[in-house]
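Notes follow the structure.
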Amino acid sequence: MAGMMTISAFTFRAGEQPAAGMEDAVREQVWVDSIFNAMTPAERYGQLVWVRANTDWSDENLDAVARQIEQHQVGGLCFFNPSGKGTPAKQVELTNRFQALTRHVPLFVSIDAEWGIGWRYRGQAVAFPRQMMLGAIQDNTLIYEMGADIARHCRAMGIHINFAPVADVNNNAANPVINYRSFGEDPQQVALKAWNYMRGMQDNGLMACAKHFPGHGDTDVDSHHDLPVITHSRQRLDSVELMPFKMLTAQGVASVMVAHLQVPALDDRPNTPTTLSRKVVTGILKEEWHYPG
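First residue of the sequence shown? That's 1 in my numbering, and the numbers climb one at a time after it.
Listed below in structure tokens is the structure:
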């Protein structure tokens, strides 16, 4: 992922409560307040941090994850399987093990499964088409149904949030990291298809994540290794890169992943990544777009 692996790189949308559910909402708030008040300051800080857990790691490394959870009561986990030697069953086993170590609040369990669990567990779970292929289909209800299926698969494994959809506009052929992960080069189509994917997941109990805000499509550098610079004007950014994200936040996407980018039109301080920019995260998402995450 081209984003920070701490909670500070994500913004989450508070669930909206209908009038008929106000009593439940009040009870939930009372419960939240009681749990929060029972936590020490250190435990509250821990909730802001998520840690990585690879299902192909050695017992020694997995024990280290367990110690982090026990000692710091971290907020969440993100599972990976880079060697392909891990299994879905191992992830479920680890999820149950790690959840048992929490004292106040269960772990937020996440995965980066843009085209389904099969991306992380190839040959062991369903892998859906890449987003570039989905960008070529006309029936967007199929994308919604894909999102619904991915939600069911994730929930069966105890996963709460999938770091998808990619809402980047693929408008640079030299891009080494987005390319086929994008729905295409048309911002409106990217927004529409990402919205259907998002709805499919969220309508079926899985949180979605729009990434990589404010738009990683027009870069020729991999932000896992260096800091890409996007030199477009704010007017151009509004009409292309930012447009899908603005639409998704308005439509209730549960979270947003902020990319490691330098965008002078949004924050002109030198060598300042958007992940650490108040002008970008607070200024645009919160103040301009009124995103309640």
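C-beta atoms are modelled at their ideal positions from N, C-alpha and C, and glycine is treated no differently.
Remember, it's a predicted structure, so these values are computed and weren't measured experimentally.
query = Whose CA, out of His104, Pro264, Asp24, Gly283, lies closest to the CA of Pro41?
reply = Minimum Cα-Cα distance from Pro41 among the listed residues His104, Pro264, Asp24, Gly283 corresponds to His104.
Which residues DSSP lists as bridging Trp50, in chain order: DSSP lists Gly76 as the bridge partner or partners of Trp50.
Legend entry - Boundaries (first-last residue) of the beta strand (DSSP E) holding Phe128: DSSP places Phe128 outside any beta strand (DSSP E), giving it a letter other than H or E.
- prompt: In terms of DSSP beta bridges, what is Ile111 paired with?
  reply: Under DSSP, the beta-bridge partners assigned to Ile111 are Phe79, Asn162.
Alpha carbon to alpha carbon, what distance is there between Trp195 and Gln251? Going by the C-alpha atoms only, they are around 8 angstroms apart.
- Ile151 (DSSP reduced to helix, strand or coil): This sequence places Ala at residue 151; Ile is not what is there. Three-state result, Ala151: helix.
Determine the burial state of Met133: buried for a count of at least 16 other Cβ atoms within 10 Å of its Cβ, exposed for fewer. With a 10 Å radius around the Cβ and a threshold of 16 neighbouring Cβ atoms, Met133 comes out exposed.
Problem - Own chain, CB closer than 8 angstroms to Asp220, minus 5 neighbours either side, in chain order - result: So the qualifying residues of the chain are Asn172, Ala174, Asn175, Pro176, Pro228.
Quiz item: If you run the structure through DSSP and keep just helix, strand and coil, what is Met4?
Solution: Legend: pLDDT at Met4 = 42, less than 50; position of this residue unreliable, value from coordinates given subsequently. Coil, per DSSP.
Pull up the CB-CB distance for Pro214 and Leu237, whole angstroms please, since I reckon it's below 8 angstroms.
About 7 angstroms separates the beta carbons of Pro214 and Leu237, which is inside the 8 angstroms limit, making them a contact pair.
Mark Arg120 as exposed unless 16 or more other C-beta atoms lie within 10 angstroms of its C-beta, in which case mark it buried. By the neighbour-count rule (16 or more Cβ atoms within 10 Å), Arg120 is buried.
Practice item. Would you identify the three-state DSSP class for Phe213, choosing helix, strand or coil? Key: Secondary structure at Phe213: strand, using DSSP grouped into helix, strand and coil.
Assuming contact is defined by CB atoms lying nearer than 7 angstroms, are Gln131 and Phe183 in contact in what I supplied? Yes; because the gap between Cβ atoms is below 7 angstroms, this pair is in contact.
| task | Please determine, among Gln73, Val263, Ser277, the residue with the shortest C-alpha to C-alpha distance to Trp50. | result | The shortest C-alpha separation from Trp50 is found at Gln73.
- Task: Using a threshold of 7 angstroms, state whether the C-beta atoms of Pro129 and Val190 are closer than that.
- Result: Their beta carbons are not under 7 angstroms apart, which means Pro129 does not touch Val190 by this criterion.
**Report entry** Counterpart residues of Gln262 in DSSP-defined beta bridges
**Finding:** Answer is Val229, bridged to Gln262.
Q. To the nearest angstrom, how far is it from the Cα of Glu287 to the Cα of Val126?
A. Rounded to whole angstroms, Glu287 to Val126 spans 40 angstroms at the Cα level.
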